[in-house]
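Here's the structure we're looking at; comments come further down.
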Amino acid sequence: MSNLNSEYQKIISDIEKNITDPKDLSYIKEKISELATLFMNTVDRVIEYSKENLNNVSNKQEDLEERVESIQKSLDNLEKEMYSEEEEDFEVEVICPYCNHQFSSNIDLEDTTEIQCPECKNMIELDWNDEDDEEQCKRKLSSDVTSVWTKKVKMMKTRICKSNLIS
Ligand SMILES: [Zn+2]
């Protein structure tokens, strides 16, 4: 700005040197001043406009970031949901205690207590034991005909074994 000021002063003093008539000089100086004001106002408006644009971009950016965050949250929730559903739903291999038919079945660990054998149509009762009943379950398994077992169930240290046959 100071550079602009000194340039302006140089122009003015140059005009003063070359215009000898005081009336002409006064008139030209006035017009130059008007021109300078007009120019400075235009510059101010351009700067103001740029600031506004920058603010708009910044606001939009913030808005976008919020949206991305919200989408990320939804995705996380969805992932959790899918993961937990995957955990609850197991494919187990069942050997029917009635006819020895072996089949796979998708069961819900929480709710399923019976599976129907697709071969003999008998209902096979499932008994969900926790860690404490593991020994009991093992005994049952070794002495019993039925074993319902999956790698996943083993991994989760959940034991499934058949308790009573339904006649
Ligand atoms: Zn069967």
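Quick note on our numbering: the sequence shown kicks off at 4 and runs consecutively.
Backbone N, C-alpha and C define an ideal beta-carbon position, used for all residues, glycine too.
- Distances between the C-beta of E117 and the heavy atoms of ligand 1 are all 7 Å or more.
- Taking a cut-off of 8 Å on C-beta distances, the region 99 to 112 touches the region 121 to 128, as three or more cross pairs fall below it.
- In the same chain as E117, and ignoring 5 residues on each side of it, the C-beta atoms closer than 7 Å to its own belong to M126, I127, E128 and L129, in chain order.
- By the 16-neighbour rule on beta-carbons within 10 angstroms, P25 is exposed.
- Straight-line spacing of the CA atoms in L67 and K83 works out to 24 Å.
- The three-state reading of DSSP puts D111 in strand, counting E and B together.
- In this structure, N125 has its CB closer than 7 Å to one or more heavy atoms of ligand 1.
- Your pair S108 and V95 checks out as a contact, with CB atoms roughly 6 Å apart and the cut at 8 Å.
- The beta-bridge partner set that DSSP reports for M126 consists of Q119.
- Between ligand 1 and E122, a heavy atom-to-CB distance of less than 7 Å is present.
- Between I14 and K32, the C-beta spacing is not below 8 Å.
- One thing to note: I35 has its Cβ no nearer than 8 Å to the Cβ of L28.
- Taken atom to atom, the span from the alpha-carbon of D17 to that of D47 is near 27 Å.
- By the 16-neighbour rule on beta-carbons within 10 angstroms, I110 is buried.
- Under the three-state reduction of DSSP, I22 is assigned to coil, being neither helix nor strand.
- Not one heavy atom of ligand 1 is found less than 7 Å from the C-beta of Y86.
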